[in-house]
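Please read the structure below before turning to the comments.
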Amino acid sequence: MIILFISFMTLIPFLGFSPYIMRIMILSGIYIILALSLNLLTGFTGIVCLGHAAFYGIGAYTSALLAIHFDLSFVFTAIAGGVVAAFFGLLLGLPTLRLNGTYLSMVTLGFCEIVRLVGLNWMSLTRGPMGLTGIPFPKILGWVIDRDAEYFYLVLILIIMTWVILNNLIQSRAGIALIAIREDEVAAEAMGINILKYKVLAFAISAFFAGIAGSFYAHYASFINPQSFTFDESIQILSMVILGGMGSNLGVALGAIVLVSVPEMLRGLQEYRMLIYGAVLVIMMLTRPQGILGNPKALKIPRNN
Amino acid sequence: MHKLQIQGLTKRFGGLTAVNNIDLHMDDNEIIGLIGPNGAGKTTLFNMITGMYIPTSGKLFYQGQDITGIKPYKITDIGIARTFQNIRLFLMMTVLENVLIGLHTRTNTNLFDAITKNKRYRNEEKTSHKRAIEILEMVGLKERKDEYSKNLSYGEQRKLEIARAMASNPGILLLDEPAAGMNDNETAELTRFIKTLKNFGLTVLLIEHDMRLVMNICERIYVFDHGSKIAEGSPKEIQKNQQVIEAYLGKGA
């Protein structure tokens, strides 16, 4: 089943889609990685993060700068983008020692604004609102990625990696510890779970993959500025997780695809587009508040009988 | 050396002294009861033993080791596990998963093992699943292992909470009102069950209002009133103690 799906996906670039459709699919891919990473934090650990775009941006800027100034391979810039984002995730995770719920969400929102403002004002590094231009094509072992089909495969590989790692993580001892924290923090701690350690871990891992998504985006768009990593972007990613179904990786991936492609499909309606888009979200949440695939059964752990 | 020794333990919340200068000890494989009217400070004492509250003064020793002020998750690791007065299960997790969480301190695969699903990880997963099933069998919930814990009956939820605590292989098990809200049949079954815990070699400290249960299974009983210990002794001694009778029924009864 999985093999069938992957082989189908590898065929997509040969089906002769227009560059426009390819672009939407690649963008969906980026958002799938972002939604999967946020799902670890929001869906599984129960921390509503309003600053995910900050990690995305940090990853994008880190790898853009490394690629521009040092002309490094994508393998390196992506990992660096992820690691730097993870480091900031770790820092942002530390206030969880004292803060919870809504208050913690406010901290993440503040963090998102700080990162955006630093990006706007640290002219010597980020060139402020002018952004970074001329980010080179991603290079992997001397192979330059510059066609849509290649970008498509690259993002597909990144999605599969993210998916496998996060899925294995969720099924492990650490993963069920995260779910336990979401369910009841007091009881989780009474069961011997170090709450701070696991929350910080969730932040760091979540930020790592957001950073990788940012890194891919920077190379793909070849231009970034702080406008791409605002609070609106955080909300967009969070909407994908909620719409898709918190705690279901398949669900949030679908959520990402829907929220990227629906506005495009509605383009013909011109100014009514965002109105209908908003209405779709409202109706969806009224009729299916748990999200597209938000069934708790998605939290299944493999059983050895 | 006692298994658990409490010396002069006091907890004040502002002007209120919830627990006042308590001495208590437990030996291996004992079942000890903690009784007293509501607000006597029994649960506060539990919260201090498990590290959820830091005592205002006094000391706690577990097998001779000073555990005063240690974080709750470390206390569980050291060997004290508890249940809660108002059941606190992980409701959206299955019965089996709840018990697996209880095994958290007794497993040790790291993230790398989990991500790569290496042999170490698969072995540990196999043994912890086996152990979890064993524990569920002890409490009679094996058939319900794949049920969401929110779908269990009240009595089953109580049992699952005990099973979850047992999974951490505790030296001491603290049960906070395990019979609360149970009918007579369920209480009788619970009484039998707690007796079997003794056969498994467990040491149990129990808060309970159901006197029949307490008198039936506890070897020694401590009686609290207004934060202070007013009596201790065997069930027989406690039943005859004038101060205890007054605390429960009022003076002149």
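Protein chains in written order, with this note's numbering: chain A, 1327 to 1631; chain B, 171 to 423. Ideal placement from N, C-alpha and C gives every residue a C-beta, glycine not left out. What you are looking at is a predicted structure, and each value in this text was computed from that prediction instead of being measured.
Backbone CA spacing between residue i and residue j [nearest angstrom]
i, j, result
"A/Pro1552", "A/Cys1375", "19 Å"
"B/Gln412", "A/Gly1369", "56 Å"
"B/Pro340", "A/Thr1428", "35 Å"
"A/Leu1607", "A/Asn1365", "18 Å"
"A/Val1490", "B/Ile285", "8 Å"
"B/Leu174", "B/Leu230", "7 Å"
"B/Thr226", "B/Leu179", "8 Å"
"B/Phe216", "B/Ile224", "11 Å"
"A/Ile1609", "A/Val1433", "30 Å"
"A/Thr1422", "A/Glu1509", "16 Å"
"B/Ser323", "B/Lys329", "10 Å"
"A/Arg1629", "B/His299", "Annotation note: pLDDT 38 at A/Arg1629 (below 50); position unreliable, coordinate value reported separately. For A/Arg1629 and B/His299, the distance between alpha carbons rounds to 8 Å."
"B/Leu419", "B/Ala251", "33 Å"
"B/Gly351", "A/Ser1333", "56 Å"
"A/Lys1626", "B/Glu317", "For A/Lys1626, the pLDDT reaches just 41, beneath the cut-off of 50, and the residue's location in the model is therefore unreliable, although a value from the coordinates is still provided. Spanning the two alpha carbons is a distance of roughly 11 Å."
"A/Ile1338", "A/Phe1402", "27 Å"
"A/Arg1442", "A/Tyr1543", "17 Å"
"B/Phe370", "A/Ile1358", "50 Å"
"B/Glu359", "A/Val1512", "28 Å"
"A/Val1410", "A/Glu1476", "26 Å"
"B/Glu416", "A/Gly1419", "52 Å"
"B/Gln325", "A/Leu1592", "Note that residue 325 of chain B corresponds to Gly in the displayed sequence, not to Gln. Rounded to the nearest angstrom, the two C-alpha atoms are 54 Å apart."
"B/Gly272", "A/Glu1515", "10 Å"
"A/Leu1367", "A/Ser1431", "12 Å"
"A/Ser1450", "A/Met1456", "11 Å"
"A/Met1335", "A/Leu1484", "13 Å"
"A/Pro1615", "A/Ile1568", "8 Å"
"A/Ala1547", "B/Glu267", "44 Å"
"A/Ser1399", "B/Thr264", "45 Å"
"B/Ile387", "A/Phe1413", "54 Å"
"A/Tyr1346", "A/Met1611", "30 Å"
"A/Glu1559", "A/Ala1404", "20 Å"
Residue i and residue j closer than 8 Å at C-beta
i, j, result
"A/Gly1445", "A/Tyr1382", "no"
"B/Lys241", "B/Met218", "no"
"B/Gln255", "B/Thr214", "no"
"B/Ile192", "B/Ile176", "yes"
"B/Met196", "B/Ile342", "yes"
"A/Arg1499", "B/Thr277", "yes"
"A/Ile1350", "A/Gly1540", "no"
"B/Ala333", "B/Ile377", "no"
"A/Gly1407", "A/Ile1538", "yes"
"A/Val1481", "A/Ile1583", "no"
"A/Ser1344", "A/Gly1415", "no"
"A/Phe1437", "A/Gly1355", "no"
"A/Ala1380", "A/Phe1534", "no"
"B/Ser319", "B/Leu259", "yes"
"A/Met1348", "A/Asp1474", "yes"
"B/Glu347", "B/His379", "yes"
"B/Val374", "B/Ile205", "no"
"A/Met1487", "B/His274", "no"
Contact set for residue i: own chain, Cβ-Cβ below 8 Å, skip 5 residues either direction
i, result
"B/Ile235", "Reading off the sequence, residue 235 of chain B comes out as Gln, not Ile. Same-chain partners within the cutoff: Ile248."
"B/Gly403", "Arg390, Ile391 and Asn411"
"B/Lys406", "none"
"A/Ala1624", "Per-residue confidence for A/Ala1624 stands at a pLDDT of 40, beneath the threshold of 50, marking its modelled position as unreliable; the derived number appears in the next sentence. Same-chain partners within the cutoff: Gly1571, Gly1573, Ser1574, Asn1575, Leu1576 and Gly1577."
"A/Ile1329", "none"
Sequence-distant residues of the same chain with beta carbon closer than 6 Å to residue i, five excluded per side
i, result
"A/Pro1622", "Because A/Pro1622 sits at a pLDDT of 47, beneath the cut-off of 50, its placement in the model cannot be relied upon, and the following sentence gives the value as read from the coordinates. Hits under 6 Å: none found."
"B/Gly221", "Ile240, Lys241, Pro242 and Ile245"
"B/Arg314", "Val265"
"A/Ala1579", "Ile1358"
Contact test: residue i Cβ vs the ligand ZN heavy atom, cutoff 7 Å
i, result
"A/Ala1539", "What this structure holds is no ligand at all, so the ligand ZN is not there to describe."
Close beta carbons around residue i, own chain, < 7 Å, minus the five adjacent residues each side
i, result
"B/Leu401", "According to the sequence provided, residue 401 of chain B is Ala. The question's Leu does not apply to it. The answer, listed in chain order, is Val393, Ile408, Asn411, Gln413 and Val414."
"A/Thr1371", "Leu1504, Ile1507, Arg1508, Lys1525 and Ala1528"
"A/Asn1575", "Leu1362, Asn1365, Trp1489, Leu1492 and Asn1493"
"B/Asn208", "none"
"A/Asn1447", "Gly1454"
Cross-chain neighbours of residue i in chain C, by beta carbon under 9 Å
i, result
"A/Ala1506", "In the displayed structure, chain C is absent; the protein chains listed are A and B."
Members of the stretch 209–235 of chain B near chain A, C-beta cut-off 8 Å: Thr220 and Met222
Within the stretch 1399–1482 of chain A, ranges of the alpha helix (DSSP H) (whole runs, at least 4 residues): 1400–1419, 1427–1447 and 1449–1452
Residues of the stretch 1488–1499 of chain A with Cβ closer than 7 Å to any Cβ of chain B, in chain order: Ile1491, Asn1494, Leu1495, Ser1498 and Arg1499
Under 7 Å (Cβ pairs) to chain A, residues found in the stretch 238–252 of chain B: Pro242, Tyr243, Thr246, Asp247 and Arg252
Segments assigned alpha helix (DSSP H), at least 4 residues, entirely inside the stretch 224–256 of chain B: 242–248
Members of the stretch 1512–1525 of chain A near chain B, C-beta cut-off 8 Å: Val1512, Ala1513, Ala1514, Glu1515, Ala1516, Met1517, Gly1518, Ile1519, Asn1520 and Ile1521
Start-end ranges of the alpha helix (DSSP H) lying completely within the stretch 287–322 of chain B, minimum 4 residues: 289–309
Any beta strand (DSSP E) of 3 or more consecutive residues that is wholly inside the stretch 325–392 of chain B: 342–346 and 373–377
The stretch 1415–1442 of chain A: positions lying closer than 9 Å to chain B by Cβ: none
In chain order, each alpha helix (DSSP H) run of at least 4 residues that lies wholly inside the stretch 1336–1387 of chain A: 1345–1364
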